[in-house]
Ligand code: ZN
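In structure tokens form, the structure reads like this:
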């Protein structure tokens, strides 16, 4: 053979050998090299050459820890024919979960115009990073607030809160006094007024428009309508019905009835107004005081009776022991003595001698005190005509008036309970009509003295 032929055969042999190696060489591949953290991991290994699948011949070891994101290795080994291969393949444990954002409060917030939104709070949580609230970026665009949280793997979530400005809530009108009132024919009617408030505008009492009048010289029912609008035009109405009724005829011919007007819990800034009316009507009354001031001096000098009520007026204090009761009584006695130089002996128990609230503090204390005060030289008075001005009629001068005049009698010592402490302007408003009624019906007004017949309740503790 010629040399080149030998060479050619040689080349063919080499070529075939290489080709067979190429065809027989196992190729190793892992199908799942990216792993979600916290999942169970087993590599899906594929090994083959051109002719056969060799996967079951592969042995492997790995350091993959799926509880922690990161890069790991699986080392695959295969022995096949003349091949003894080892291949290291990288595995990546990753976090592909987006974090979550939880908003406190509503996603769609309604606010009044010009009201500022006060952030109600938010939290961000990622299954891998756990609490990432402090990584939240918060920003406002127009009427939206965006909250963006990104976890350590770059997964991102955006939450949005939308603010809507407006006011579609109606304002509210609250009537002072009752929505149904009664007034006697010929008597004057004073509207006890109202308050109005709006969720956005606040107090809008001065925007209330009332319509309707009461003709107290004509029997019948009269409606007074109150209407108010807030700045966005939401409207509310309320109505009060005032009925003019005829005055009942006194059930007794004019006799020697006496009325003892008594005012508890003063002095206050109203006391001088009470004294003005009493002066103008030339009527004497009795003040059961909790302290003493210039108005007390004026009352005393005008011939009214100054009597003791309580200094603290705190039931839990005065009725928890007789020592406390007399301490309290001495304190108000001292106050009065400093101003008018006398120590009154006429007294009235806080809540009256029939009060049951004292049971909460000491059983039987009223039984003891009602005899002990007499033993110590005091004389106590309760009442038998309650104006209810410290009850539900506190703001209702018409009812205060009716409560008094309907309970007067020519056959008893009329001791009328009223109050001249600071919240009782309705009492002041009713006072002149009460006095006029008494005068027109044959009564005489007097201040309580030690000669006044006792009016005492039944002791209930
Ligand atoms: Zn009182």
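Numbering (our numbering), first residue to last: 869 to 1329. Backbone N, C-alpha and C fix where the C-beta goes; we use that ideal spot for every residue, glycine too. Only a predicted model underlies this, so the values are computations on that prediction, with no experimental measurement involved.
(request) With a floor of 4 residues, list each alpha helix (DSSP H) that falls wholly inside the segment 1088-1151, ordered by position along the chain. (result) Fully enclosed alpha helix (DSSP H) runs of 4 or longer: 1139-1149.
(message) Please classify residue 1274 as buried or exposed, where buried requires at least 16 other C-beta atoms within 10 Å of its C-beta.
(response) Residue 1274 sits at position 406 when you count from the first residue of the chain shown. Of the other Cβ atoms in all chains shown, fewer than 16 fall within 10 Å of the Cβ of residue 1274; this residue is therefore exposed.
(message) For the beta strand (DSSP E) containing residue 938, name the first residue and the last one.
(response) Walking along the chain shown from the start, residue 938 turns up at place 70. Residues 938-948.
(message) Measuring only the C-alpha atoms, how far is residue 1072 from residue 1101?
(response) Sequence index remark: in the chain shown, residue 1072 carries index 204 (1-based). Sequence index remark: in the chain shown, residue 1101 carries index 233 (1-based). C-alpha of residue 1072 to C-alpha of residue 1101: approximately 13 Å in a straight line.
(message) Judging by CA-CA distance, which residue of 1272, 983, 1001 is the nearest neighbour of residue 1286?
(response) The residue given as residue 1286 occupies position 418 in the chain shown. It is 1272.
(request) Name all residues in chain order for which at least one heavy atom of the ligand ZN lies closer than 6 Å to the residue's CB. (result) Those residues, listed in chain order, are 1132, 1133, 1177, 1181, 1218.
(message) Taking the alpha carbon of residue 916 as the reference point, which residue from 1076, 1278, 951, 981 has its own alpha carbon closest?
(response) Locating residue 916 in the chain shown gives position 48, counting from the first residue. Residue 916 has its Cα closest to that of 951, out of 1076, 1278, 951, 981.
(message) So, for residue 1121: in the same chain, excluding its five sequence neighbours on each side, which residues have a beta-carbon less than 7 Å away from its beta-carbon?
(response) Locating residue 1121 in the chain shown gives position 253, where the first residue counts as 1. Because residue 1121 sits at a pLDDT of 43, beneath the cut-off of 50, its placement in the model cannot be relied upon, and the following sentence gives the value as read from the coordinates. Cβ within range, chain order: n/a, list empty.
(request) Just mark residue 960 as buried or exposed, buried being the case when its beta carbon has 16 or more other beta carbons within 10 Å. (result) In the chain shown, the residue the question calls residue 960 occupies position 92. Exposed, since its Cβ has fewer than 16 Cβ neighbours within 10 Å.
(request) Determine, using beta-carbon pairs with one atom in the segment 1132-1152 and one in the segment 1160-1172, whether at least three such pairs fall under 8 Å. (result) A contact exists between the segment 1132-1152 and the segment 1160-1172.
(request) On the DSSP bridge assignment, give the partners of residue 1070 in chain order. (result) The residue given as residue 1070 occupies position 202 in the chain shown. Partner(s): 1066.
(request) Pick helix, strand or coil for residue 1303, following the three-state DSSP scheme. (result) By 1-based counting over the chain shown, the position of residue 1303 is 435. The answer is helix: DSSP assigns residue 1303 an H, G or I state.
(request) Say whether the segment 902-919 touches the segment 932-947, bearing in mind that this needs 3 or more beta-carbon pairs closer than 8 Å, one atom from each stretch. (result) The answer is yes - the segment 932-947 touches the segment 902-919, with three or more Cβ pairs under 8 Å.
(message) Helix, strand or coil for residue 892? Go by DSSP, reduced to three states.
(response) Along the chain shown, read from residue 1 onward, the residue named residue 892 stands at position 24. Secondary structure at residue 892: helix, using DSSP grouped into helix, strand and coil.
(request) Reducing DSSP to helix, strand and coil, say where residue 1000 ends up. (result) Here the question's residue 1000 lines up with position 132 in the chain shown. Reduced to three states, the DSSP call for residue 1000 is coil.
(request) Tell whether a beta-carbon distance below 9 Å holds between residue 942 and residue 923. (result) Position 74 of the chain shown, counting from 1, holds the residue named residue 942. Position 55 of the chain shown, counting from 1, holds the residue named residue 923. Residue 923 sits away from residue 942, with the two beta carbons spaced by 9 Å or more.
(request) Look at residue 1134 and residue 1155 and say whether their C-beta atoms are less than 9 Å apart. (result) Reading the chain shown from its first residue, position 266 is the one you call residue 1134. Reading the chain shown from its first residue, position 287 is the one you call residue 1155. A contact, by the Cβ cut-off of 9 Å.
(message) Based on DSSP bridge pairs, tell me the residues matched to residue 1008.
(response) In the chain shown, residue 1008 corresponds to position 140, counting from 1. Bridge partners of residue 1008: 1013.
(request) Please classify residue 1211: is it buried, with 16 or more other beta-carbons within 10 angstroms of its beta-carbon, or exposed? (result) The sequence position of residue 1211 within the chain shown is 343, counting from 1. Exposed, since its Cβ has fewer than 16 Cβ neighbours within 10 Å.
(message) Given a cut-off of 9 Å on the beta-carbon distance, is the pair residue 1245 and residue 1276 in contact?
(response) What you label residue 1245 is simply residue 377 of the chain shown in a count that begins at 1. What you label residue 1276 is simply residue 408 of the chain shown in a count that begins at 1. Contact: no.
(request) Mark residue 1010 as exposed unless 16 or more other C-beta atoms lie within 10 angstroms of its C-beta, in which case mark it buried. (result) Position 142 of the chain shown holds residue 1010. Classification for residue 1010: exposed.
(message) Taking the straight line between their C-alpha atoms, what separation do you get for residue 999 and residue 970?
(response) Taking the first residue of the chain shown as 1, we reach residue 999 at position 131. Taking the first residue of the chain shown as 1, we reach residue 970 at position 102. Taking the straight line joining both Cα atoms gives about 11 Å.
(message) For a test of the three-state rule: what should DSSP assign to residue 983, helix, strand or coil?
(response) As a working note, residue 983 is residue 115 in the chain shown. Three-state result, residue 983: coil.
(message) Using 8 Å as the cut-off, can you tell me whether the segment 1223-1235 makes contact with the segment 1246-1257, which would need three or more C-beta pairs spanning the two stretches below that distance?
(response) At 8 Å Cβ cutoff, the stretches do not touch.
(request) Just mark residue 1329 as buried or exposed, buried being the case when its beta carbon has 16 or more other beta carbons within 10 Å. (result) Translated into positions along the chain shown, residue 1329 becomes position 461. The Cβ neighbour count for residue 1329, taken over all protein chains shown within 10 Å, is at least 16; the residue is labelled buried.
(request) In angstroms with no decimal places, state the Cα-to-Cα distance between residue 995 and residue 968. (result) The residue labelled residue 995 in the question sits at position 127 within the chain shown. The residue labelled residue 968 in the question sits at position 100 within the chain shown. A straight line joining the alpha-carbon of residue 995 with that of residue 968 spans about 9 Å.
(message) Applying the 10 Å Cβ sphere with the 16-neighbour rule, what's the burial state of residue 1006?
(response) Sequence index remark: in the chain shown, residue 1006 carries index 138 (1-based). Label assigned to residue 1006: exposed.
(request) State the DSSP-derived secondary structure class of residue 1336, mapped to helix, strand or coil. (result) Because the chain in this structure spans residues 869 to 1329, residue 1336 falls outside the shown range and cannot be described.
(request) List the DSSP bridge partners of residue 1191. (result) Sequence index remark: in the chain shown, residue 1191 carries index 323 (1-based). The partner list for residue 1191 (beta bridge, DSSP) is empty, contrary to what the question assumes.
(message) On the criterion of 16 or more Cβ atoms from any shown chain inside 10 Å, does residue 1119 qualify as buried, or is it exposed?
(response) Residue mapping note: residue 1119 aligns to position 251 of the chain shown, counting from 1. Residue confidence is low: residue 1119 scores 44 on pLDDT, short of 50, so the model does not pin down where it sits. Its coordinate-derived value is still stated next. Classification of residue 1119: exposed, given that the 10 Å Cβ count is below 16.
(message) Within 10 Å of its beta-carbon, does residue 982 have 16 or more other beta-carbons around it, so buried, or fewer, so exposed?
(response) As a first step, residue 982 is located in the chain shown; it is residue number 114 there, counting from the start. Exposed, by the Cβ-count rule.
(request) Could you have a look at residue 872 and say whether DSSP puts it in helix, strand or coil? (result) Numbered from its first residue, the chain shown carries residue 872 at position 4. In this structure, residue 872 counts as helix in the three-state DSSP scheme.
(request) Would you decide whether residue 1077 is buried or exposed? Buried here means 16 or more other CB atoms lie within 10 Å of its CB. (result) As a working mapping, residue 1077 is identified with position 209 in the chain shown. It counts as exposed.
(message) Could you give the first and the last residue of the continuous alpha helix (DSSP H) run that contains residue 1234?
(response) Taking the first residue of the chain shown as 1, we reach residue 1234 at position 366. For residue 1234, the enclosing alpha helix (DSSP H) starts and ends at 1233-1243.
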